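Student:
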Amino acid sequence: MMKNKVFRGFLFYASATFIIISVFAGVSWLFYYQDEVDNKKTLANQKKSFYDEQMKLLKEVSNDNKSEESLEVAMISYDIIKEIERDDSYYQRYEDGNEYLEKLEVETTKRLNDSLEYLLGKEYDAEVYGELMDFYREIPDYISKENSVLLAQAEKIADEELQTEIAKIEEENKDKKKYTHENRKRALQSIFQTGMSVSEVKSAIGPPTKKYRSDEAEFWNYEDAVILTIKNGFVYDITYPSN
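The opening residue of the sequence shown carries number 8 in our numbering; numbering runs sequentially from there.
(1) Spatial neighbours of I91 within its chain, please: C-beta separation below 8 Å, excluding the five flanking residues on both sides.
(2) Can you list, in chain order, the residues of its chain with a C-beta nearer than 6 Å to that of K12? Leave out the 5 residues immediately preceding and following it.
(3) CB G104 to CB K54, shorter than 9 Å?
(4) With DSSP run on the structure shown, which of helix, strand or coil describes E223?
(5) Here's the rule I'm using: 16 or more other beta-carbon atoms within 10 Å means buried, otherwise exposed. How should P248 be labelled?
(6) So, for P215: in the same chain, excluding its five sequence neighbours on each side, which residues have a beta-carbon less than 8 Å away from its beta-carbon?
(7) Return the chain-ordered list of same chain residues with a C-beta closer than 6 Å to the C-beta of T246, the five sequence neighbours on each side being excluded.
(8) Compute the Euclidean distance between the alpha carbons of Y101 and E114, then round it to the nearest angstrom.
(9) Mind checking which residues open and close the beta strand (DSSP E) that includes T246?
(10) Compare the Cα-Cα distances from N154 to each of Y125, E225, D166, S204 and report the closest residue.
(11) Among residues of its own chain, excluding the 5 on either side of I237, which ones have a beta-carbon nearer than 7 Å to its beta-carbon?
(12) Since E60 contacts V68 with CB under 8 Å, what's their CB separation in whole angstroms?
(13) Using the DSSP secondary-structure output, state which residues sit across from S204 in a beta bridge.
(14) Please report the residue range of the alpha helix (DSSP H) in which I83 lies.
(15) Compare the Cα-Cα distances from D231 to each of K218, D222, F241 and report the closest residue.
(16) Are the Cβ atoms of A81 and L127 separated by less than 9 Å?
Structural data, given as structure tokens:
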């Protein structure tokens, strides 16, 4: 009899404990479920807000992708794409609202390529193309095939333009060097006269850059522009090399 009472008591407490645990678990699950619902809704709203904010930013810069602000539009578009990728693990916790991210990525990629097409279609400008090359070399994964072809053509044009400019500068330097040499040559030639003494020569221009001697005379070379033949301490002859 005593054993039955103990058993019934144990059974009562076990049942009560089970009921309490079950109720607690059910309540906890309801709270967890509600949190999940709230989190999904919050994140979906964040995705929509992000879409609205970025599209507003792009439209504030320019409503037209093919305008003077095209490079800025392209850069902002690229920044938006990278921001989506950077925060991907956070955004993908829930699928709700992903349509806004997908729509934004499609829109920014289109704007990026539209602006590129416009800029590459303009009359060649070395400064503009320099900025374009620096920017677009960083983003090959987002460029359309058509624009990749245009970009390759632009790089070729830029390289040819650079080579032409280098050749022009080299030619100008060559002409300048030749002009300077000719002026120097004429200046030296105007100084010397036959009959000048060695001391007068040194006083006027200084010692020669090169000096040679033969049995009959000395030869003073001034920068290969003038060669003086010195005999008995005086300028006997003046020679002007053809070069």
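Glycine included, each C-beta is placed from N, C-alpha and C at the ideal position.
Please read all numbers here as calculations on a predicted model, not as lab measurements.
Tutor: Reading from the atomic positions:
(1) What you label residue 91 is simply residue 84 of the sequence shown in a count that begins at 1. Within the same chain, I91 has close Cβ partners Y98, L108, L111, E112.
(2) Counting from one through the sequence shown, the residue named residue 12 turns up at place 5. Any reading at K12 needs caution, since the residue's pLDDT is 49, under 50, leaving its predicted position unreliable; the model's value is listed next. Contacts found: none.
(3) The residue you call residue 104 lines up with position 97 of the sequence shown. The residue you call residue 54 lines up with position 47 of the sequence shown. Taking 9 Å as the Cβ cut-off, G104 and K54 qualify as a contacting pair.
(4) Within the sequence shown, the letter at position 216 stands for residue 223. In this structure, E223 counts as coil in the three-state DSSP scheme.
(5) In the sequence shown, counting from the first residue as 1, residue 248 sits at position 241. That one is exposed.
(6) Counted from its first residue, the sequence shown places residue 215 at position 208. So the list reads W227, N228, Y229, L235, once near-sequence residues are dropped.
(7) Counted from its first residue, the sequence shown places residue 246 at position 239. Hits under 6 Å: I234.
(8) By one-based count along the sequence shown, residue 101 stands at place 94. By one-based count along the sequence shown, residue 114 stands at place 107. Their Cα atoms are separated by approximately 22 Å.
(9) To locate residue 246, count along the sequence shown from 1; it is residue 239. Here the beta strand (DSSP E) through T246 covers 241 to 246.
(10) Here residue 154 is taken as the residue at index 147 of the sequence shown, counted from 1. Of Y125, E225, D166, S204, the residue nearest in Cα terms is Y125.
(11) Taking the sequence shown and counting its residues from 1, one reaches residue 237 at position 230. Cβ within range, chain order: V205, A224, E225, W227, Y243.
(12) Reading the sequence shown from its first residue, position 53 is the one you call residue 60. Reading the sequence shown from its first residue, position 61 is the one you call residue 68. The Cβ separation is near 13 Å, so there is no contact.
(13) The count along the sequence shown starts at 1 and reaches residue 204 at position 197. Per DSSP, F241.
(14) Your numbering for residue 83 matches position 76 in the sequence shown. Here the alpha helix (DSSP H) through I83 covers 77 to 93.
(15) Walking along the sequence shown from the start, residue 231 turns up at place 224. D231 has its Cα closest to that of K218, out of K218, D222, F241.
(16) Counted from its first residue, the sequence shown places residue 81 at position 74. Counted from its first residue, the sequence shown places residue 127 at position 120. Taking 9 Å as the Cβ cut-off, A81 and L127 do not qualify as a contacting pair.
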